[in-house]
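One structure is given below, encoded as structure tokens.
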Amino acid sequence: MPVANPPAITDTQVIEWTLTGNVSAGTAQDGLRPMHAPGIILEIIVTAGQKGNTGAALFDVHKHVPAKPVTTQRDNTAGVTVYTTQGNRPDILGDNGTSTQNSIKEAAAPDVTAFLAGDFFTVDVDAANATMQDVTVSMRVQYN
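Here's what the structure looks like:
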């Protein structure tokens, strides 16, 4: 017997940026990640294979709206942060005593969560801990 009001089916996906070796500051680290449907950001998590010495590494996720028409070349210069509250950006803190240990941190919820099909995201390293290694920034999204 069919269900009168079946639950909505939602599709979630984890988008990852992998920064191998020592982390350095820069924009659009590990490229662009396009969205294939509209949706929302559910969470952002940062992991480090080695958290490095004293000092913080600070990360930022930027949302970009594609050029119109969509056949026009896209670039990463017009993105805006999803963290308008800058203090909520994801970070990993180094520690001299445990510098070779790995670390994981769930970031505060971003201020900008909605996106459209065709929007794309990048990760910036706003501040680097030069001895931090092998970072992955993971963004879990839910498509509408």
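With the working numbering applied, the sequence shown has no gaps in its numbers, which climb one by one up to 200 at the end. Here a beta-carbon is modelled for each residue, glycine too, at the ideal position from N, C-alpha and C. On a predicted model such as this, the values are computed, not experimentally measured, just so you know.
Looking at residue j and residue i, is the spacing between their C-beta atoms short of 8 Å?
i	j	result
Pro-94	Phe-171	yes
Ala-112	Val-181	no
Ala-104	Val-193	no
Gln-157	Val-79	no
Leu-114	Ala-173	no
Asp-175	Tyr-139	no
Ala-164	Asn-144	yes
Quick one: what's got a C-beta closer than 6 Å to residue i's C-beta in the same chain, skipping five residues either side?
i	result
Asn-109	Gly-150, Asn-152, Ser-155 and Thr-187
Gln-69	Val-197
Asn-200	Pro-94 and Gly-95
Taking residue i as the reference, give the member of the options with the closest Cα.
i	options	result
Thr-74	Asn-200, Thr-169 and Met-195	Met-195
Phe-177	Ala-163, Thr-83, Asn-144 and Ala-184	Thr-83
Ile-101	His-120, Asn-185 and Ile-71	Ile-71
Thr-137	Gly-105, Gly-174, Asp-67 and Ile-97	Ile-97
Leu-88	His-120, Gln-106, Phe-115 and Leu-114	His-120
His-118	Asn-185, Lys-107, Ser-159 and Pro-146	Pro-146
Gln-106	Ile-160, Gln-142 and His-92	Ile-160
Gln-142	Pro-122, Asp-116, Gly-135 and Ile-148	Asp-116
With DSSP collapsed to three states, give me the class of residue i.
i	result
Met-57	A caution first: Met-57 carries a pLDDT of 48, below 50, which makes its placement in the model too unreliable to give a value.
Gln-157	coil
Asn-78	strand
Gly-143	helix
Asp-116	strand
Is residue i close to chain C, meaning its C-beta is less than 8 Å from at least one C-beta of that chain?
i	result
Arg-89	Protein chains in the displayed structure number just one, and chain C is not present.
Keeping to the same chain, check which residues put their C-beta closer than 7 Å to that of residue i; ignore five residues upstream and five downstream.
i	result
Gln-85	Trp-73, Leu-75, Val-179, Asp-180 and Val-181
Gln-162	One point to set straight first is that residue 162 is Glu, not Gln, in the sequence displayed. The answer, listed in chain order, is Glu-99 and Ile-101.
Here's a check: name, in chain order, each residue in its chain whose Cβ is nearer than 8 Å to the Cβ of residue i, leaving out the five neighbours to either side.
i	result
Gly-77	Gln-189 and Asp-190
Scan the segment 90-114 and note each continuous beta strand (DSSP E) run of 3 residues or more that stays entirely inside, going in chain order. 95-106
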